[in-house]
Structures are given as C-alpha cells and as structure tokens.
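Colleague:
Numbering (this note's numbering), first residue to last: 985 to 1107.
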C-alpha cells in the first residue's frame, strides 16, 4: 500500500449508495485487516451484524473516507442513540441467530463453526 497524503482524501457523510462498498470493506478487512473468510465463511452475515445496525438504523452517524476519484477507502460508524441501536439488534438477532444455526448445522466449514462457538461462549 502506497502512502497517500491527507489532501488526497475527504471525510463525508455516508449515503445509502455507499452501503455495498462499506460492506465490502468490512468483509475485506474483518480478520485483522484481511478478508474474513478464513475464519467465517458467511460474509453477508458478518457484514449484516457489523454494519447494518449503523448503516440501516443510524445512517446519520456514519461517515466514509473518499479518495479524490470518488472511491470509498474506509468508513466510520457510530451510534448516538444506544436504545435505538439495541432495539435494532434485538429485532434482527433472531434472524441472524437462525441463519447462523442453519449454517452451523448444514453448510459451514470447520473454521466458521469454531468461530461461532467462540462467539457463543467467549465473545
């Protein structure tokens, strides 16, 4: 990765059109700056859990780092309303749980199963 000066970037408010790129960056960097798939193969579920409480419930609290060509290089998410954040997660958690359980029982590989067990008992 080449060094770039701060003048080559700008931080701007998140827009709904940025959602797919924010999710891509999340999955591409989800495992210590590397793609998430070596430890969790369901990128969509990983991205849902880590980004949708912000991009879908509180998009006004999301920002993206845009390069001078208009490409998205990074993002920042936050929550200003912890109750709204918690309500969103509680509403989505059953769906995420059943999806993870279905994958655990029928399709996920060993590393993904170990990751889910770690989340359930240690995370």
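A virtual CB, placed ideally from N, CA and C, is assigned to each residue, including glycine.
Let's test the definition: count the other Cβ atoms within 10 Å of the Cβ of residue 1081 and tell me whether it reaches 16, buried, or not, exposed.
Modeller: Per the 10 Å Cβ criterion, exposed.
Colleague: Threshold first: 4 residues or longer. Then list the alpha helix (DSSP H) segments lying entirely within the stretch 1036-1106, N to C.
Modeller: For the stretch 1036-1106, whole alpha helix (DSSP H) runs of length 4 or above, ordered along the chain, are 1066-1090 and 1094-1105.
Colleague: Please name the residue, chosen from 1097, 1053 and 1068, that lies closest to residue 992 on a Cα-to-Cα basis.
Modeller: Among 1097, 1053 and 1068, the Cα nearest to that of residue 992 belongs to 1053.
Colleague: Going by beta carbon distance, what residues of the same chain come within less than 6 angstroms of residue 994, once the five residues before and after it are set aside?
Modeller: Hits under 6 angstroms: 1050.
Colleague: Tell me whether residue 1024 sits in a helix, a strand or coil according to DSSP, three-state version.
Modeller: Three-state DSSP puts residue 1024 in coil, outside helix and strand.
Colleague: Report, in whole angstroms, the separation of the C-beta atoms of residue 1064 and residue 1042, which I expect to be a contact under 8 angstroms.
Modeller: Right, their Cβ atoms sit about 7 angstroms apart.
Colleague: Looking at C-beta atoms only, is the number of pairs between the stretch 1029-1042 and the stretch 996-1013 that lie closer than 8 angstroms three or more?
Modeller: Counting Cβ pairs under 8 angstroms, three or more are found: they touch.
Colleague: At what residues does the beta strand (DSSP E) containing residue 996 begin and finish?
Modeller: That run of the beta strand (DSSP E) goes 993-997.
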